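In our numbering, the protein residues as written are 836 to 1413.
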């Protein structure tokens, strides 16, 4: 069932997505023509598959290199490693490092932190290899798997043919090199790994008029994180607004998604997360608006001006949004698909707490990258059609043969120079269809921008040979990790925990509490997460030595301590000096 057709659920694809009829789709279905088309499909399937595999491989190299050069961190890689290992043992996603550090206790499930049960689908991979590297590879593959539906969407939106095909490859490369994906890969692993591919499948299937598959993908998104209900509501907003109100099922589908999306976020936040030991208000970041959702909504209504200022205060919020839309040449602003991104953007930019939400670093922008690139494609297709109509009107005013007819729906221009049989075999061009030239130029521009932004973001580090080498500090870190035996409990500095997590129970070496683990891996050369200064870290080591720990390794600032007979405390007592 192609775009523009009516599925059993009603027409889903918008006019902006309707494909132009191409010569390949209108030529007589001779045996030779069918064979050529089948061969072309196989060629593109192989090419898209190779592109996807290549991008996944590059992502793997980037992520695993960061792991082996000690650039990953316990927060958050060890959290997810412990949780997925727990799922692999048919337990409810327990992460001791998260529970102990954040005061929830050693048996804390990550479902009490974020509603992300989809992580359990990775558990079978841990039956093959149980370690953080598995998560890094899985995330790399999942990010890359958004490429095939993106390629199909782009080629269809641009009307098929050579220009559309070339544009589809360029847009796929632009996504593969996009800075939100780079920053997500740079920050170890998160549940966002599932968002791009599920979003891509949902939007491509909506374009194709396959509502059932799209709804399945959107339903799966609700298991990625509690706020993905906001994104699903955004998809509903797009469907309800972009389509004519007379299309009854389209409007009802959109409204239903809005209701289901908001209801899911509310249920996950206020019922499911607390049911697994978390707190519903743990990530409430809107104290400038009020102490809860009702107060915040009322503030938005009564004080719209100050609320709008909050969207761009501090300035980094505006910078992040400019980078998000600028990465795709601001083309998403021409498409109603961009409406789907609005709820998640508001969630982040209305916050006055948690500055990590506002910036270009970390994983948060990867939730939006796919919907923005799809919106950019739709925006480029609209721009292409607008340009074609403008040219037709200009040509009509100049009195060029056939221009007036081509500018009017349902009127066919007479053949001027082509033989009659050639005209009969030529593809029919629907009124208002674009030529594909502007769309191709937009795809080229997106690809150029993506390449141009590489040095400014995380992938830029991979351009330097030093990225792949162990320096003296990294070699010392490897030696320190090697001193710790397998099967023990160890307090480790943030960037060494991932190397120990596959074989040991890792706790965070932190400022506020001493956990009295038998082994401690510390660092006094560089300020560590939760500590205020290196001096404070040195004071903690001195305190441990006075408390019976013995230094068994020391090099390049790394210190490994051991206390025979020690038993780790996973409570919140035991505050240490310094």
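Virtual Cβ for every residue (Gly too), placed ideally from N, Cα, C. Bear in mind that the values here come from a model prediction, so they are computed numbers and not experimental data.
Based on Cα-Cα distance, which residue from 1062, 1002, 1158 and 1208 lies nearest to residue 1195? Residue numbering aside, residue 1195 sits at position 360 when the chain shown is read from its first letter. Among 1062, 1002, 1158 and 1208, the Cα nearest to that of residue 1195 belongs to 1158.
Quick one: what's residue 1395 bridged to in DSSP? Here residue 1395 corresponds to residue number 560 of the chain shown, with the count starting at 1. The partner list for residue 1395 (beta bridge, DSSP) reads 1356 and 1388.
On the three-state DSSP scale, how would you describe residue 1088? Numbered from 1 along the chain shown, position 253 holds the residue referred to as residue 1088. Looking at residue 1088 - three-state DSSP - the assignment turns out to be helix.
According to the neighbour-count rule (16 or more other Cβ atoms, all chains shown, within 10 Å of its Cβ), is residue 1069 buried or exposed? As a working mapping, residue 1069 is identified with position 234 in the chain shown. Classification of residue 1069: buried, given that the 10 Å Cβ count is 16 or more.
Tell me which residue opens and which closes the beta strand (DSSP E) that residue 1325 is part of. As a working note, residue 1325 is residue 490 in the chain shown. Per DSSP, the continuous beta strand (DSSP E) segment holding residue 1325 begins and ends at 1324-1327.
Can you check which of these residues, 1127, 1190, 965 and 1038, is closest to residue 1152 by C-alpha distance? Counting from 1 along the chain shown, the entry for residue 1152 is found at position 317. Nearest option by C-alpha distance: 1190.
Pull up the distance between the alpha-carbon of residue 1394 and that of residue 1355, whole angstroms please. Counted from its first residue, the chain shown places residue 1394 at position 559. Counted from its first residue, the chain shown places residue 1355 at position 520. Residue 1394 and residue 1355: Cα-Cα distance of roughly 8 angstroms.
Could you work out which residue in 1098, 963, 972 and 1036 is closest to residue 983 when comparing CA atoms only? By 1-based counting over the chain shown, the position of residue 983 is 148. Ranking 1098, 963, 972 and 1036 by Cα distance to residue 983 puts 1036 first.
How about the stretch 1207-1216 and the stretch 1167-1183: do they share at least three Cβ pairs that are nearer than 8 angstroms? yes
Cα-Cα separation, residue 1234 to residue 1000: The sequence position of residue 1234 within the chain shown is 399, counting from 1. The sequence position of residue 1000 within the chain shown is 165, counting from 1. Separation of residue 1234 and residue 1000 (C-alpha to C-alpha, rounded to the nearest whole angstrom) is 33 angstroms.
Please check if any C-beta of chain C sits within less than 8 angstroms of the C-beta of residue 1107. In the structure shown, chain C does not exist; there is a single protein chain.
Short of 6 angstroms in beta carbon distance, which residues of its chain neighbour residue 1052, apart from the five on each side in sequence? Order them along the chain. Looking up residue 1052 in the chain shown gives position 217. Excluding sequence neighbours, residue 1052 sits near 1033, 1036 and 1037.
Cα-Cα separation, residue 948 to residue 1314: Residue 948 sits at position 113 when you count from the first residue of the chain shown. Residue 1314 sits at position 479 when you count from the first residue of the chain shown. Straight-line Cα distance between these residues: approximately 34 angstroms.
First through last residue of the alpha helix (DSSP H) which encompasses residue 1341: Taking the chain shown and counting its residues from 1, the one referred to as residue 1341 is at position 506. Where residue 1341 is concerned, there is no enclosing alpha helix (DSSP H), although the beta strand (DSSP E) around it starts and stops at 1340-1343.
Is the stretch 949-963 close to the stretch 997-1016, with three or more CB pairs under 8 angstroms? no
Cutoff 6 angstroms; reference residue 1184; Cβ partners in own chain excluding five residues on either side: By 1-based counting over the chain shown, the position of residue 1184 is 349. The residues are 1146 and 1152.
May I have the straight-line CA-CA distance separating residue 932 from residue 914, to the nearest angstrom? Position 97 of the chain shown, counted from the start, is the residue given in the question as residue 932. Position 79 of the chain shown, counted from the start, is the residue given in the question as residue 914. Approximately 6 angstroms between the Cα atoms of the pair.
Closest Cα partner of residue 911 within the set 967, 873 and 904: On the chain shown, position 76 is the one that residue 911 refers to. Looking at the Cα atoms, 967 is the closest of the given residues.
How about residue 1478 and residue 1057: do their beta carbons lie closer than 8 angstroms? Residue 1478 is absent from the model: the chain starts at 836 and stops at 1413.
With 16 other Cβ atoms within 10 Å as the buried cut-off, status of residue 1346: Along the chain shown, one-based indexing puts residue 1346 at 511. That one is buried.
Give the straight-line distance between the Cα atoms of residue 943 and residue 1102, rounded to the nearest whole angstrom. One-based indexing of the chain shown puts residue 943 at position 108. One-based indexing of the chain shown puts residue 1102 at position 267. About 20 angstroms.
Whose CA, out of 1325, 908, 1100 and 1375, lies closest to the CA of residue 951? Here residue 951 refers to the residue found at position 116 when the chain shown is read from its first residue. Closest by alpha carbon: 1100.
Indicate the three-state DSSP secondary structure (helix, strand or coil) for residue 951 in the structure shown. By one-based count along the chain shown, residue 951 stands at place 116. DSSP places residue 951 in coil when its eight states are reduced to three.
Use the C-beta contact count for residue 1304: other C-beta atoms within 10 angstroms, 16 or more gives buried, fewer gives exposed. Numbered from its first residue, the chain shown carries residue 1304 at position 469. Residue 1304 should be labelled exposed.
Since residue 1180 and residue 1156 are thought to touch, with beta carbons under 8 angstroms apart, how far apart are those beta carbons, to the nearest angstrom? In the chain shown, the residue the question calls residue 1180 occupies position 345. In the chain shown, the residue the question calls residue 1156 occupies position 321. The Cβ separation is near 7 angstroms, so the contact holds.
DSSP three-state label for residue 856, please. In the chain shown, residue 856 corresponds to position 21, counting from 1. Confidence is the limiting factor: at residue 856 the pLDDT is only 36, short of 50, which leaves the residue's position unreliable and the question unanswerable from this model.
Hey, residue 887 and residue 980: beta-carbon distance below 8 angstroms or not? Mapped onto the chain shown, residue 887 falls at position 52. Mapped onto the chain shown, residue 980 falls at position 145. Contact: yes.
Status (buried if at least 16 other CB within 10 Å, exposed otherwise) for residue 885: Position 50 of the chain shown, counted from the first residue, corresponds to residue 885. Burial call: exposed.
Using 8 angstroms as the cut-off, can you tell me whether the stretch 1283-1301 makes contact with the stretch 1310-1329, which would need three or more C-beta pairs spanning the two stretches below that distance? no
Residue 1308 beta carbon less than 8 angstroms from that of residue 1391: Mapped onto the chain shown, residue 1391 falls at position 556. Mapped onto the chain shown, residue 1308 falls at position 473. Yes, they are a contact pair.
Have a look at residue 1136 and residue 1362 and give me their C-alpha separation to the nearest angstrom. Position 301 of the chain shown, counted from the first residue, corresponds to residue 1136. Position 527 of the chain shown, counted from the first residue, corresponds to residue 1362. In a straight line, the C-alpha of residue 1136 is about 44 angstroms away from that of residue 1362.
Residue 898 to residue 1023, Cα distance in whole Å? Taking the chain shown and counting its residues from 1, one reaches residue 898 at position 63. Taking the chain shown and counting its residues from 1, one reaches residue 1023 at position 188. The straight-line gap from Cα to Cα measures roughly 7 angstroms.
List, from N- to C-terminal side, the beta strand (DSSP E) runs of 3 residues or more that fit wholly inside the stretch 1022-1069. none
Pull up the CB-CB distance for residue 922 and residue 1333, whole angstroms please, since I reckon it's below 8 angstroms. As a first step, residue 922 is located in the chain shown; it is residue number 87 there, counting from the start. As a first step, residue 1333 is located in the chain shown; it is residue number 498 there, counting from the start. No, residue 922 and residue 1333 are not in contact; Cβ-Cβ is about 18 angstroms, not under 8 angstroms.
Span separating the alpha-carbon of residue 1171 from that of residue 1350: Sequence index remark: in the chain shown, residue 1171 carries index 336 (1-based). Sequence index remark: in the chain shown, residue 1350 carries index 515 (1-based). Their Cα atoms are separated by approximately 52 angstroms.
Measuring only the C-alpha atoms, how far is residue 800 from residue 1231? Here the chain has residues from 836 to 1413 only, and residue 800 is not among them.
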